[in-house]
Amino acid sequence: MDGTTSLTYSDLRERGERLAAGLAGIGVAKGDRVAVELPNWTEFLPTAVALGRLGAVLVPIMPIYRTDEVGYVMCHSGAEVAITCEEFKGFRYADMFAALRESLPELVSLVAVRAADAGRAVRFEDLTTTSVGNLGGLPSPDDPFLILYTSGTTSRPKGCFHTFNTVRARAVSRRSASCRSPSSPPRTGPRRVAVSHWRWPPISGSPRPP
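Residues in the sequence shown are numbered consecutively from 105, following the working numbering.
See below:
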């Protein structure tokens with residue numbers, strides 16, 4: 105999936121539920137905002153599943169963002185937990201978040217992905233070994249799920265609020281658009297792939313794992 109690891113849908117469900125239990129263990133609950141700044145790594149997928157299962161709100165941050173932009177998104181969204189990598193392409197994300205904690209009193213927990221030395225952070229991999237207990241009731245379709253921030257080209261980024269229903273509507277519309285009739289001309293040229301495309305099959309009709 106990211107050139108180093110892969111997931112089946114069964115794996116995704118199992119890891120997502122284990123991670124949900126692990127995140128609940130460090131205090132993540134329904135309605136909490138959780139910032140996630142990761143490269144295109146497999147760990148993003150079970151993170152989204154875990155947060156959705158808990159009813160927490162996913163706040164993805166583009167990996168090109170640095171201290172100023174990340175600090176603004178963290179403060180504006182009210183995120184209490186951040187999930188990031190230790191280092192990627194020479195930049196130490198965990199160190200940036202550790203420094204930001206001094207100016208972000210709301211930031212209670214930091215989770216480090218693929219970290220050799222997590223320091224004061226919690227190792228992501230440790231959270232995925234938690235036994236799945238009672239995760240509580242499922243969130244409502246109209247509960248908040250996602251806050252996406254604009255690029256902030258002309259001013260500060262703006263947070264766009266999404267519920268499970270609005271995300272599902274987007275997935276269904278994209279699936280409908282991709283179901284071409286046999287008489288349609290073949291698609292040519294490169295195809296754009298969004299990070300959210302992994303949601304289409306489980307949302308729009310693929311069988312759930314046993």
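We treat Cβ as the ideally placed atom computed from N, Cα and C, and that holds for glycine.
Residue i, buried or exposed, once every other Cβ within 10 Å from all chains shown has been counted against 16
i, result
"F228", "buried"
"C189", "buried"
"F265", "exposed"
"I168", "exposed"
"E206", "exposed"
"L242", "exposed"
"G256", "exposed"
"A273", "exposed"
"E141", "buried"
"E147", "buried"
"A220", "exposed"
"T254", "exposed"
"T232", "buried"
Selected residue, minimal CA-CA separation from residue i, among the options
i, options, result
"T60", "G135, V215 and P150", "Since the first and last residues shown for the chain are 105 and 314, residue 60 lies out of range."
"K134", "R218, E184 and L214", "E184"
"L155", "T254, E147 and L127", "L127"
"G129", "K193, G237, A222 and G194", "G237"
"D136", "R117, L162, D115 and S114", "L162"
Close beta carbons around residue i, own chain, < 7 Å, minus the five adjacent residues each side
i, result
"R157", "G120, E121, A124 and L239"
"V132", "V138, L158, A160 and V185"
Residue span of the alpha helix (DSSP H) that contains residue i, given as start and end
i, result
"E229", "F228 to L231"
"L149", "F148 to L158"
"G126", "Y113 to G129"
"G175", "T171 to S181"
"A133", "Segment: none, A133 is in no alpha helix (DSSP H) and carries neither H nor E."
Backbone CA spacing between residue i and residue j [nearest angstrom]
i, j, result
"G293", "R278", "Annotation note: pLDDT 40 at G293 (below 50); position unreliable, no value reported."
"V174", "I165", "7 Å"
"R196", "S235", "31 Å"
"S181", "T171", "15 Å"
"S259", "E191", "29 Å"
"Y176", "I251", "14 Å"
"T270", "S280", "15 Å"
Close-in-space but distant-in-sequence residues of the same chain around residue i (CB under 6 Å, 5 per side omitted)
i, result
"F268", "P245 and F249"
"N144", "D106"
"L208", "M178"
7 Å Cβ cutoff, residue i in contact with chain C
i, result
"C179", "No chain C is part of this structure, which consists of one protein chain only."
Other residues of its chain near residue i: CB distance less than 8 Å, five sequence neighbours each side excluded
i, result
"L211", "M178, A183, E184, V185, A186, F201, L204 and R205"
"V226", "I130, S213, L214, V215 and A216"
Endpoints, beta strand (DSSP E) assigned at residue i
i, result
"L214", "S213 to V217"
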